[in-house]
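Please read the structure below before turning to the comments.
Numbering (this note's numbering), first residue to last: 25 to 284.
Structural data, given as structure tokens:
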């Protein structure tokens, strides 16, 4: 078996990159294949030959690209644009998605044969709200990453983090801490510095006497916006379309809710 770990040819490719680079303007080509192709260029699979290729958000691949990916995985060969012969590639594939591929297969949006090709070892990463016990340690790690190594979370801040649902997952936690770093004083982050919406009852999430209607609406709006941003990989124009609002309206809401 060939070694893969730490291979210099390890690489990453997102579904968005794959869509943008498909067809004749794709990354692999032979010199003279089309106007402007003045040099050979390897594709992602050829560049990662003997190593590992990470496919990010693989669920977003259009069906036409899924067919091409399946063919490469089955035959372990690729052909450059303009070439007459195929070239062998030996690549280990790691793919990731925030969506349920099984559900997409059921709805016809993801090929079943490709799903089984990719689903050899399935690792499920639980959402942040399902591992509350990890939040303090993760917050400490993120503060160090953001340059706040000397900053401390006070007890009320830790309680606020543990009580919040974090619909935007780890990215929202990081954004929250980054904002708190800018607001805190004396190297201490308080619950007020976090600017988190109040926690809602765990039963049905409906507003009650202890939770003013505006706070409830703000949290629901915040959750919807963060979900749209997560779905569109933080493309605000696309997120506005998902939410059915104008870009200007989304920008206003982002500023009002303190979402970066």
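Every residue gets a Cβ at the ideal spot worked out from N, C-alpha and C, and that includes glycine.
Check whether residue i and residue j have beta carbons under 9 Å apart
i, j, result
"residue 201", "residue 220", "no"
"residue 214", "residue 181", "yes"
"residue 152", "residue 193", "yes"
"residue 102", "residue 136", "no"
"residue 142", "residue 82", "yes"
"residue 281", "residue 260", "no"
"residue 263", "residue 270", "no"
Local Cβ density within 10 Å of residue i, reported as buried at 16 or more and exposed below that
i, result
"residue 119", "buried"
"residue 168", "exposed"
"residue 272", "exposed"
"residue 134", "buried"
"residue 21", "In the structure as shown, the chain begins at 25 and stops at 284. Residue 21 is therefore absent and cannot be evaluated."
"residue 98", "exposed"
"residue 147", "exposed"
"residue 113", "buried"
"residue 225", "Confidence in residue 225 is poor, its pLDDT being 47 and thus under 50, which makes the residue's placement unreliable; the coordinate value appears in the next sentence. Classification of residue 225: exposed, given that the 10 Å Cβ count is below 16."
"residue 207", "exposed"
"residue 275", "exposed"
"residue 145", "exposed"
"residue 91", "exposed"
"residue 190", "buried"
"residue 184", "buried"
"residue 68", "buried"
Nearest-angstrom beta carbon gap, residue j and residue i [assumed within contact, 8 Å]
i, j, result
"residue 178", "residue 212", "6 Å"
"residue 254", "residue 195", "7 Å"
"residue 129", "residue 72", "Not confirmed; about 26 Å, so no contact."
"residue 246", "residue 283", "7 Å"
"residue 267", "residue 252", "5 Å"
"residue 205", "residue 163", "The Cβ separation is near 11 Å, so there is no contact."
"residue 79", "residue 117", "6 Å"
"residue 93", "residue 125", "Residue 93 to residue 125, Cβ: 13 Å. No contact."
Opposing strand residues paired with residue i [DSSP bridges]
i, result
"residue 258", "None, per the DSSP bridge assignment."
"residue 176", "212"
"residue 101", "112"
Interface flag, residue i vs chain C, CB-CB below 9 Å
i, result
"residue 113", "In the displayed structure, chain C is absent; only one protein chain is listed."
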